[in-house]
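Q: Chains as they are written, first to last, in the numbering used here: chain A, 1 to 114; chain B, 115 to 230.
Glycine included, each C-beta is placed from N, C-alpha and C at the ideal position.
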């Protein structure tokens, strides 16, 4: 069983479109995250959700919106896609209670905006 | 050897040799540190962690050293194998000080290439 699964693995879309990336974790963790990895492999936090509450929102354009229907899911919705949004997006989860602990990452979604 | 600059730092080692990957972290109050390994096309994978009350921790073929005086973290890999080829990241956890601050901050990454 995959611990953190995200879909799709690859996403190619045109500028201006709206797209979503889904993430699910079966680890029973209470916090989930979205990271963006650029072409230089730099990982930058975008959002985190703890018990359905947004607790981190870095300097991310408001075209990006996280949606968490329940503790096991944190989806990423992107409006009006731009060329600069092309990157690999990683979902991750961790347990905060009693922590800190390391994160478990999904395998990534490579987004290409053309 | 190791190269740094505008590109991802790269460390090339001969198979069977020991590898040392270094990382400078930013927050002197960080209390938890992790090394991750990212293979091509995959997500970062946990290797080993260390808390700030320790200066050394050993795992299977890997050792993490923490020097809080100079805010330096290193990952040592013994008897490096071709399967160790990947990008390695250090990550630090600053102390929790309220909503919005509980997060892992990742370093820039080092690409390890193992020469057979």
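So, for residue 129 of chain B: in the same chain, excluding its five sequence neighbours on each side, which residues have a beta-carbon less than 8 angstroms away from its beta-carbon?
A: 194, 195, 196, 228, 229, 230
Q: Applying the 10 Å Cβ sphere with the 16-neighbour rule, what's the burial state of residue 2 of chain A?
A: Exposed, since its Cβ has fewer than 16 Cβ neighbours within 10 Å.
Q: Alpha carbon to alpha carbon, what distance is there between residue 136 of chain B and residue 186 of chain B?
A: In a straight line, the C-alpha of residue 186 of chain B is about 7 angstroms away from that of residue 136 of chain B.
Q: To which residues of the same chain is residue 55 of chain A closer than 6 angstroms at the C-beta, ignoring the five residues directly before and after it?
A: 48
Q: If you follow the beta strand (DSSP E) that residue 207 of chain B is part of, which residue opens it and which one closes it?
A: First-last of the beta strand (DSSP E) with residue 207 of chain B: 200 to 207.
Q: Residue 207 of chain B versus chain A: which residues are under 8 angstroms apart at the beta carbon?
A: 100
Q: Counting only Cβ pairs nearer than 7 angstroms, list the residues of chain A close to residue 222 of chain B.
A: Think of a sphere of 7 angstroms around the beta carbon of residue 222 of chain B: the chain A residues whose beta carbon falls inside it are 42, in chain order.
Q: Which value, in whole angstroms, describes the spacing of the CA atoms of residue 152 of chain B and residue 42 of chain A?
A: 12 angstroms
Q: Looking at the C-beta of residue 95 of chain A, does it have a partner C-beta in chain B at a distance below 8 angstroms?
A: At a cut-off of 8 angstroms between C-beta atoms, residue 95 of chain A does not count as an interface residue with respect to chain B.
Q: Spell out a yes or no on whether the segment 174 to 181 of chain B and the segment 64 to 81 of chain A are touching, meaning 3 or more CB-CB pairs, one atom from each, closer than 8 angstroms.
A: no
Q: Using a C-beta to C-beta distance shorter than 8 angstroms, which residues of chain A count as neighbours of residue 156 of chain B?
A: 107, 108
Q: Does chain A have any CB closer than 8 angstroms to the CB of residue 217 of chain B?
A: yes
Q: What residue ranges within the segment 74 to 105 of chain A form continuous beta strand (DSSP E) runs of no fewer than 3 residues, ordered along the chain?
A: 87 to 94
Q: So the candidates are B:156, B:133, B:201; which of them puts its Cα closest to the Cα of residue 107 of chain A?
A: B:156
Q: Return the CA-CA distance between residue 158 of chain B and residue 90 of chain A, expressed in angstroms with no decimal places.
A: 9 angstroms
Q: Taking C-beta pairs closer than 9 angstroms, name the residues in chain A that residue 146 of chain B reaches, listed in chain order.
A: 99, 100, 101, 102
Q: Relative to the ligand SAM, is the shortest distance from any of its heavy atoms to the C-beta of residue 180 of chain B smaller than 7 angstroms?
A: Ligands in the displayed structure: none, and consequently the ligand SAM is not present.
Q: When you check each C-beta in the segment 166 to 194 of chain B against every C-beta of chain A, which residues fall closer than 7 angstroms?
A: none
Q: If you reduce the DSSP assignment to three classes, tell me which class residue 66 of chain A lands in.
A: If DSSP states are grouped into helix, strand and coil, residue 66 of chain A belongs with the strands.
Q: Using beta carbons (cut-off 8 angstroms, strictly below), is residue 65 of chain A in contact with chain B?
A: Look at residue 65 of chain A: its C-beta is not under 8 angstroms from any C-beta on chain B.
Q: So residue 122 of chain B contacts chain A; which residues on that side make the cut at Cβ distance below 8 angstroms?
A: 40, 41
Q: If you draw a straight line from the C-alpha of residue 92 of chain A to the C-alpha of residue 104 of chain A, how long is it?
A: Cα to Cα, residue 92 of chain A sits roughly 5 angstroms from residue 104 of chain A.
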